[in-house]
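What follows is a short report on a single structure.
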Amino acid sequence: MISKRLLVFLVCFILFDLHVAVSSPGPTEVLKPTLEGMVDVIRDPEFAGADHKKVRREKIMSIASQGFDFTEMSKRVLGKTWRGIDEKQQQHFELLFTKLLENAYIGKLEGYSGQEIVYQDERIRGAKAAVSTLVTSSGTEPFSVSYVMLQNGIGWQVYDLNIEGVSFLRNYREQFKSILRKDKFAGLVKVLEKKNATLEKEDSE
Amino acid sequence: MKIRLITQKVFFFAALILLCCSFGCAQKSSTGLVQDVVVENNEEPADAMDMLLDDDFFDDEAIVEEVYYDPLEPMNRVFFDFNDKLYYWVLNPLNTAYSTVLPWEIRYSIGNFVNNLAVPIRLVNNLLQLKIQDAGIELSRFLINSTLGVFGFGDPAMLEFGLEPKEEDFGQTLGYWGVGEGLYLCLPVIGPSNARDVVGFTADVYTHPMVYYVDDFYVSAGYYVVSRVNLLSLNPEVYEDLKKYSLDPYVSMRQVYLEYRRKKIDDNAMQRRTDNEL
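Note that the protein sequences, when read in sequence, are chains A and B.
The working numbering applies: residue 1 is where the first sequence begins, and numbers increase by one.
The working numbering applies: residue 206 is where the second sequence begins, and numbers increase by one.
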């Protein structure tokens with residue numbers, strides 16, 4: 001009698017596990033459609049050109065925010081300082097930082113033509129994962145980009161990019177540290193706003 | 206009386222459980238103290254992917270670590286600004302003229318020639334790091350490229366035979382054998398470096414055949430300048446992108462340089478140790 005109940009319990013348990021495993025997508029399965037979606041919008045002639053820039057960027061960023069966790073990035077790039085500011089400041093910073101990333105990296109991505117992304121490897125350790133890709137683009141040598149992802153309530157999301165061994169989050173964190181030391185959070189916000197304005201002006205020229 | 210005893214027991218157990226939890230937390234934060242990527246002494250060699258996952262840099266926010274050592278920052282910033290001016294006033298116009306005159310294929314061939322000449326540096330340093338197989342690959346590349354590749358202007362070793370260059374220099378050799386990078390330096394003209402890599406660079410100069418075949422300093426220096434301009438012409442946007450997308454380009458360059466060098470040393474140590482196990 002007891003063993004039968006145990007058997008039923010075990011079967012239900014296994015089925016539940018299988019269901020969870022099948023229904024929650026892995027890191028690469030989340031990353032691939034995100035990146036491909038972004039590249040598709042960039043290549044779409046309907047959204048090409050400077051006059052469609054606003055619509056194009058909005059589309060790209062809405063796809064990006066599915067696979068990229070901008071809140072986590074903003075939190076980690078500030079480090080200790082994140083805990084020292086109130087929620088309104090946090091949201092404002094996240095907005096500015098996301099805009100910086102959009103101007104810098106989406107702008108750069110838009111400049112590359114004929115790029116192919118090859119998904120090479122995936123490694124999962126607990127709630128952390130790394131997906132390595134190779135980007136080939138005409139006119140440059142292929143370079144490797146690794147995405148470091150975290151599993152949060154929504155699923156797998158990217159919080160850091162690693163290009164040829166250089167972590168972009170750590171790079172910005174060190175830059176911000178240097179600015180925070182001199183000018184504090186208010187100074188950092190000013191620098192970010194100025195940088196975004198400069199990048200947007202350059203783009204529209 | 207009895208209720209008080211039960212309350213005491215509950216408290217005692219709660220405290221015990223909390224104590225156990227704190228042990229677990231203590232473990233986590235102690236691993237957070239290790240800033241550099243840890244090379245684990247497992248049987249299975251970890252590779253670049255494992256390094257990314259082992260990186261605890263962002264997990265523990267409470268600790269403000271120094272991941273680099275830059276006591277000469279004021280002086281370095283002066284040289285950084287000098288190099289910046291040099292770039293915009295000299296290198297960039299030179300590069301524009303150079304790229305206009307020479308098409309991409311020729312500049313790429315010149316790049317191959319320059320790389321081929323530098324084989325002794327890579328060969329010696331692979332050997333010094335006991336990477337015998339990689340040293341062999343470099344030698345093969347040299348022989349193939351110098352003959353089939355017509356004095357090194359082509360790179361059939363990579364294109365036809367799939368032999369990739371095994372880049373090593375003396376700075377990496379020193380790093381491999383445990384010499385720390387020391388303080389960060391931004392040198393005029395040469396650019397970002399550190400205490401160890403300056404020694405490495407000097408040693409590399411004497412491992413390069415140029416120094417033995419050409420007595421005239423100015424010819425050697427001229428060769429160095431041309432090879433750098435050529436390299437810049439093949440990757441023109443690197444410096445300007447760095448400036449465009451960073452808020453503090455000096456810090457950005459320092460970070461990029463240090464992480465890139467560390468990856469070259471560690472990455473080689475772990476990934477290729479398996480290749481070279483005798």
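Note that beta-carbon positions come from the ideal geometry of N, C-alpha and C, so glycine has one too.
Quick caveat: nothing in here was measured; it's all calculated off a predicted structure.
Cα-Cα separation between residue i and residue j, rounded to whole angstroms
| i | j | result |
| --- | --- | --- |
| SER398(B) | ILE154(A) | 42 Å |
| ASN281(B) | CYS391(B) | 5 Å |
| TYR462(B) | ASP446(B) | 15 Å |
| ILE106(A) | ILE315(B) | 33 Å |
| LYS128(A) | GLU72(A) | 13 Å |
| VAL416(B) | GLU200(A) | 48 Å |
| SER432(B) | THR352(B) | 22 Å |
| ASN350(B) | ALA340(B) | 15 Å |
| VAL11(A) | ARG5(A) | 10 Å |
| GLU248(B) | SER457(B) | A caution first: GLU248(B) carries a pLDDT of 40, below 50, which makes its placement in the model too unreliable to give a value. |
| GLY357(B) | ARG346(B) | 9 Å |
| MET61(A) | SER24(A) | 23 Å |
| GLN91(A) | VAL355(B) | 60 Å |
| GLU386(B) | PHE9(A) | 58 Å |
| TRP294(B) | VAL166(A) | 29 Å |
| MET149(A) | PHE168(A) | 14 Å |
| VAL424(B) | LEU322(B) | 15 Å |
| SER137(A) | TRP82(A) | 37 Å |
| ASN152(A) | ARG173(A) | 22 Å |
| ASN300(B) | ALA426(B) | 17 Å |
| TYR274(B) | PHE366(B) | 42 Å |
| LYS336(B) | ILE342(B) | 10 Å |
| SER438(B) | GLU310(B) | 11 Å |
| PHE287(B) | GLU278(B) | 14 Å |
| TYR450(B) | THR305(B) | 27 Å |
Test: residue i CB closer than 8 Å to a CB of chain B
| i | result |
| --- | --- |
| SER137(A) | no |
| LYS195(A) | yes |
| ALA127(A) | no |
| VAL145(A) | no |
| SER74(A) | no |
| ARG123(A) | yes |
| VAL118(A) | no |
| VAL148(A) | yes |
| ALA50(A) | no |
| SER132(A) | yes |
Cβ-based neighbour list, residue i, same chain, cut-off 8 Å, excluding 5 preceding and 5 following
| i | result |
| --- | --- |
| PRO325(B) | THR412, HIS413, PRO414 |
| ILE63(A) | THR34, GLY37, MET38, VAL41 |
| GLY359(B) | SER314, ASN317, ASN350, LEU353 |
| TYR292(B) | TYR444 |
| HIS52(A) | GLU46 |
Listed by chain order, chain B residues near residue i by CB distance under 9 Å
| i | result |
| --- | --- |
| ILE179(A) | LEU452, ASP453, VAL456 |
Where residue i meets chain B, residues with beta-carbon distance less than 8 Å
| i | result |
| --- | --- |
| ASN162(A) | LEU257 |
Chain A contact residues for residue i, given Cβ-Cβ distances below 7 Å
| i | result |
| --- | --- |
| GLN202(B) | The structure shown does not extend to residue 202(B), since chain B is modelled only from 206 to 483, so the question has no answer here. |
Proximal residues of chain B, C-beta to C-beta of residue i below 7 Å
| i | result |
| --- | --- |
| ALA186(A) | By Cβ distance, chain B contributes nothing, its closest Cβ being about 15 Å from ALA186(A), past 7 Å. |
| ALA104(A) | TYR450 |
| ALA64(A) | Under the 7 Å cutoff, chain B gives no residues; its nearest Cβ is about 17 Å from ALA64(A). |
| VAL191(A) | LEU452 |
Neighbour flag for residue i against chain A, beta carbons, 8 Å
| i | result |
| --- | --- |
| GLU365(B) | no |
| VAL243(B) | Unreliable positioning characterises VAL243(B) in this predicted model, as indicated by a pLDDT of 39, which lies under 50. A coordinate reading is not provided. |
Check: residue i C-beta below 7 Å from any heavy atom of the ligand FMN
| i | result |
| --- | --- |
| GLU87(A) | Ligands in the displayed structure: none, and consequently the ligand FMN is not present. |
7 Å Cβ shell around residue i - same chain, five flanking residues per side excluded
| i | result |
| --- | --- |
| GLN66(A) | THR34 |
| ARG56(A) | VAL41, PHE47 |
| ASP374(B) | ILE326, ASN330, GLY405, ASP409 |
| GLN120(A) | SER132, THR133, LEU134 |
| ASN196(A) | LEU96, LYS99, LEU100, ASN103 |
| PRO27(A) | GLU122, ILE124, ALA129, VAL131, MET149, TRP156 |
| PRO142(A) | LEU134, VAL135, THR136 |
Beta strand (DSSP E) segments (min. 3 residues) lying fully within the region 103-138 of chain A | Segments of the beta strand (DSSP E) lying fully in the region 103-138 of chain A: 116-125, 128-136.
Counting only runs that start and end within the region 278-323 of chain B, where is the beta strand (DSSP E) found for 3 or more residues in a row?
-> none
Which runs of the alpha helix (DSSP H) fall wholly inside the region 382-460 of chain B and span at least 4 residues, in chain order?
-> Residue ranges of uninterrupted alpha helix (DSSP H) with 4 or more members, entirely inside the region 382-460 of chain B and ordered along the chain, are 400-412, 415-418, 422-439, 442-450.
Completely contained beta strand (DSSP E) runs for the region 7-79 of chain A, where each covers 3 or more residues = As far as the region 7-79 of chain A is concerned, it has no whole beta strand (DSSP E) run of at least 3 residues.
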